[in-house]
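To keep things clear, I will list the structure first and then write my remarks on it.
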Amino acid sequence: MKLHFDHALVARLLAHAQAASEHSPTYDQLVDPAFLKAGVSSRHPTGADVDRAKIPAGLMLVGDHGVYLMSNGYPGFSDAEGQANLVAYAVEADPRTRPDDWYDAKRASFGGDDGAEFLSADTIRKALEATVGSRLWIDVTPARISCPYLASPQKNRSGRPDGGSGKAQSE
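In the UniProt record's numbering, the protein residues as written are 1 to 171.
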């Protein structure tokens, strides 16, 4: 299911993540030994066991009370009302504006379980570039996530760029 997000807000979230020197982990990153502090070898690590400086910058695609993107920059990016994390809700799964059908969109896209998936800064940057002038979209199913990106110009036999198609492609 294609989910659509406010382009400018996603760009702000990405800028926050990229400016942060530390990042909050998703559950998958929390249990990945590559992100643990030196000397930690716990089978059940906690947030205190993670070296936040090792977590790469990016956004988290979260499915719980709606589906939204949030910066993984630490500390969180507070919103205008002082909430801990500013989020960009998917238009289709925003409980504030779609109180009657957000859950159906959440289940169809993210699945019945709650959770968070990490999307790298590079992936989000490419998706933003590919959707300039419109809403950023991410195609989400319980089994797969894909984002648009602009194909790089292809080089012809002479080594000069052909110009590329400029069409959005799935990654």
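Ideal Cβ placement from N, Cα and C applies to all residues, glycine included.
> For the candidate residues MET1, ASP114, GLY82, GLY63, whose alpha-carbon lies nearest to that of TYR89?
Replying inline: GLY63
>> I need the DSSP call for THR97, collapsed to helix, strand or coil.
In response: coil
> Any heavy atom of the ligand GDP closer than 7 Å to the CB of GLY73?
Replying inline: Among the components of this structure there are no ligands whatsoever, and the ligand GDP is therefore not found.
> Can you give, in chain order, each stretch of the alpha helix (DSSP H) that sits fully within the stretch 15-73 and has at least 4 residues?
Replying inline: 27-30
> With distances taken from CA atoms, which of SER146, ARG135, ILE145 is nearest HIS4?
Replying inline: ARG135
> On the three-state DSSP scale, how would you describe SER109?
Replying inline: Of the three classes helix, strand and coil, the one that applies to SER109 here is helix, per DSSP.
> How is LEU119 classed by DSSP in three states: helix, strand or coil?
Replying inline: DSSP places LEU119 in the strand class (E or B) of the three-state scheme.
>> According to DSSP, simplified to helix, strand and coil, what is VAL132?
In response: coil
> Run through DSSP, which three-state label would ALA127 get?
Replying inline: helix
>> According to DSSP, ALA88 sits in a beta bridge with which residue or residues?
In response: LEU69
> Per the contact definition of three or more C-beta pairs closer than 8 Å, is the stretch 120-137 in contact with the stretch 45-61?
Replying inline: yes
> Mind checking whether ASP94 and TRP102 have CB atoms under 8 Å apart?
Replying inline: In contact: ASP94 and TRP102 (Cβ atoms closer than 8 Å).
> Is there contact here, the stretch 67-75 with the stretch 11-18, by at least three beta-carbon pairs under 8 Å?
Replying inline: yes
> Nearest-angstrom Cα distance between MET1 and LEU69?
Replying inline: 16 Å
> Does the separation of the CB atoms of THR26 and ALA143 fall below 8 Å?
Replying inline: No, the pair does not count as a contact, with Cβ atoms beyond the cut-off.
>> Whole angstroms are fine: how far does the CA of SER21 sit from the CA of ALA11?
In response: Between ALA11 and SER21, the C-alpha separation is close to 18 Å.
> Just how far apart, CA to CA, sit ASP79 and ALA8?
Replying inline: 14 Å
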